[in-house]
Ligand code: XMP
Ligand code: MG
């Protein structure tokens with residue numbers, strides 16, 4: 017392991033309980049539509065898999081890989097998107113993202129999807145760090161608001177390590 021755990025800030029049980037609530041809310045809102053769920057890799061793989069398992073009817077899922085260029089563990093707003101052949105013209109898209117911090121990454125992706133012709137674009141984020149916001153961006157569904165500390169686990173990573181943890185920890189920053 018390349019990092020030192022400070023605290024467990026969200027336990028496995030807390031995460032799973034909140035995800036069930038989010039899935040209920042989202043699935044009720046979209047029950048008469050044919051939404052396209054779009055998890056952003058890598059960070060949201062675990063959240064997306066648990067969230068989508070709790071949607072009680074069949075939906076379509078596609079993946080987008082976005083890498084944001086980080087500067088001292090913060091995104092710089094330069095985002096590289098792959099799978100740009102995705103056909104989302106006229107679709108109601110729901111982006112699934114692990115963390116919203118400065119807002120740059122999600123803002124970029126939402127604009128990109130609108131330019132590609134999406135009918136509507138909403139976002140669900142597991143973690144929101146409102147104190148980190150640089151761009152005015154509000155997610156449509158939020159799992160938890162957390163303090164502006166670097167976190168690892170449940171999809172999120174420190175230098176690509178720790179994504180497998182079923183809970184979320186804060187780490188000692190050096
Ligand atoms: P922005 O600042 O663009 O950031 O809203 C969102 C992206 O930055 C990454 N990020 C983190 N990743 N632990 C992580 O593992 C964190 O505490 C953290 N804060 C931001 C994340 O990849 C997200 O997609
Ligand atoms: Mg990410």
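In our numbering, the protein residues as written are 17 to 190. Even glycine gets a Cβ: it sits at the ideal position worked out from N, Cα and C.
(request) Please find out if some non-hydrogen atom of ligand 1 comes closer than 6 Å to the beta-carbon of residue 116. (result) Reading the chain shown from its first residue, position 100 is the one you call residue 116. For ligand 1, at least one heavy atom lies less than 6 Å from the Cβ of residue 116.
(message) Quick check: what's the CA-CA separation for residue 30 versus residue 156?
(response) Counting from 1 along the chain shown, the entry for residue 30 is found at position 14. Counting from 1 along the chain shown, the entry for residue 156 is found at position 140. Here the alpha carbons of residue 156 and residue 30 stand approximately 20 Å from one another.
(message) Could you check if residue 137 belongs to the surroundings of ligand 1, using beta carbon to heavy atom distance under 6 Å?
(response) Position 121 of the chain shown, counting from 1, holds the residue named residue 137. For ligand 1, not one heavy atom lies less than 6 Å from the Cβ of residue 137.
(request) Please report the Cβ distance between residue 129 and residue 104, rounded to the nearest whole angstrom; I am assuming they are in contact, meaning their Cβ atoms lie under 8 Å. (result) The residue given as residue 129 occupies position 113 in the chain shown. The residue given as residue 104 occupies position 88 in the chain shown. For residue 129 against residue 104, the beta-carbon gap comes to about 6 Å, under 8 Å, which counts as contact.
(message) Taking only three categories from DSSP, how would you classify residue 103?
(response) For the purposes of this step, residue 103 is identified with residue 87 of the chain shown, where counting begins at 1. Coil at residue 103, not helix or strand.
(request) Please go through the same chain and pick out, in chain order, the residues whose beta-carbon is closer than 8 Å to the beta-carbon of residue 123, but skip the five residues on each side of it. (result) Here residue 123 corresponds to residue number 107 of the chain shown, with the count starting at 1. Sequence-distant partners of residue 123 (beyond 5 residues in either direction) whose C-beta falls short of 8 Å from its own C-beta, in its chain, are 151 and 153.
(request) Quick one: measure Cβ to Cβ for residue 59 and residue 171, integer angstroms, because I've assumed they're closer than 8 Å. (result) Taking the chain shown and counting its residues from 1, the one referred to as residue 59 is at position 43. Taking the chain shown and counting its residues from 1, the one referred to as residue 171 is at position 155. Contact holds; Cβ gap of about 5 Å.
(request) Alpha carbon to alpha carbon, how far is residue 66 from residue 73? Give it in angstroms, no decimals. (result) Counting from 1 along the chain shown, the entry for residue 73 is found at position 57. Counting from 1 along the chain shown, the entry for residue 66 is found at position 50. About 14 Å.
(message) So for residue 126, helix, strand or coil by DSSP?
(response) Counted from its first residue, the chain shown places residue 126 at position 110. In the structure shown, residue 126 sits in a helix (DSSP, three-state: H, G or I).
(message) So for residue 76, helix, strand or coil by DSSP?
(response) Here residue 76 corresponds to residue number 60 of the chain shown, with the count starting at 1. Note: residue 76 maps to strand in three-state DSSP.
(message) Less than 6 Å separating the Cβ of residue 119 from some heavy atom of ligand 1?
(response) Counting from one through the chain shown, the residue named residue 119 turns up at place 103. Yes, ligand 1 has a heavy atom inside 6 Å of this Cβ.
(request) Count the other CB atoms, across all protein chains shown, that sit within 10 Å of the CB of residue 40; report buried if there are 16 or more and exposed otherwise. (result) In the chain shown, the residue the question calls residue 40 occupies position 24. Exposed, since its Cβ has fewer than 16 Cβ neighbours within 10 Å.
(request) Verify whether the separation of the beta carbon atoms of residue 119 and residue 142 is less than 7 Å. (result) Within the chain shown, numbered from 1, the residue matching residue 119 stands at position 103. Within the chain shown, numbered from 1, the residue matching residue 142 stands at position 126. No. Outside cutoff.
(request) Kindly indicate which residue of 21, 38 and 180 has the alpha-carbon position closest to the one of residue 112. (result) Walking along the chain shown from the start, residue 112 turns up at place 96. With distances taken between Cα atoms, residue 112 lies closest to 38.
(message) Give me, in chain order, the residues of the same chain whose beta-carbon lies closer than 7 Å to that of residue 49; leave out the 5 immediate sequence neighbours on both sides.
(response) Counted from its first residue, the chain shown places residue 49 at position 33. Same-chain partners within the cutoff: 108.
(request) Could you check if residue 92 is buried or exposed, using at least 16 other CB atoms within 10 Å of its CB as the buried criterion? (result) Indexing the chain shown from 1 puts residue 92 at position 76. In this structure residue 92 is exposed. Its beta-carbon is surrounded by fewer than 16 other beta-carbon atoms within 10 angstroms.
(message) Tell me which residues share the same chain as residue 182 and place their Cβ nearer than 6 Å to its Cβ, disregarding the 5 neighbours each side in the sequence.
(response) By 1-based counting over the chain shown, the position of residue 182 is 166. Within the same chain, residue 182 has close Cβ partners 28.
(request) Kindly list the residues whose CB is nearer than 7 Å to the CB of residue 135, restricted to its own chain and excluding five residues on each side of it in sequence; keep chain order. (result) The residue given as residue 135 occupies position 119 in the chain shown. Within its own chain, the residues whose Cβ lies closer than 7 Å to the Cβ of residue 135, once the five positions on either side in sequence are excluded, are 106, 107 and 108, listed in chain order.
(request) Kindly list the residues whose CB is nearer than 7 Å to the CB of residue 99, restricted to its own chain and excluding five residues on each side of it in sequence; keep chain order. (result) Your numbering for residue 99 matches position 83 in the chain shown. Cβ within range, chain order: 79, 80 and 81.
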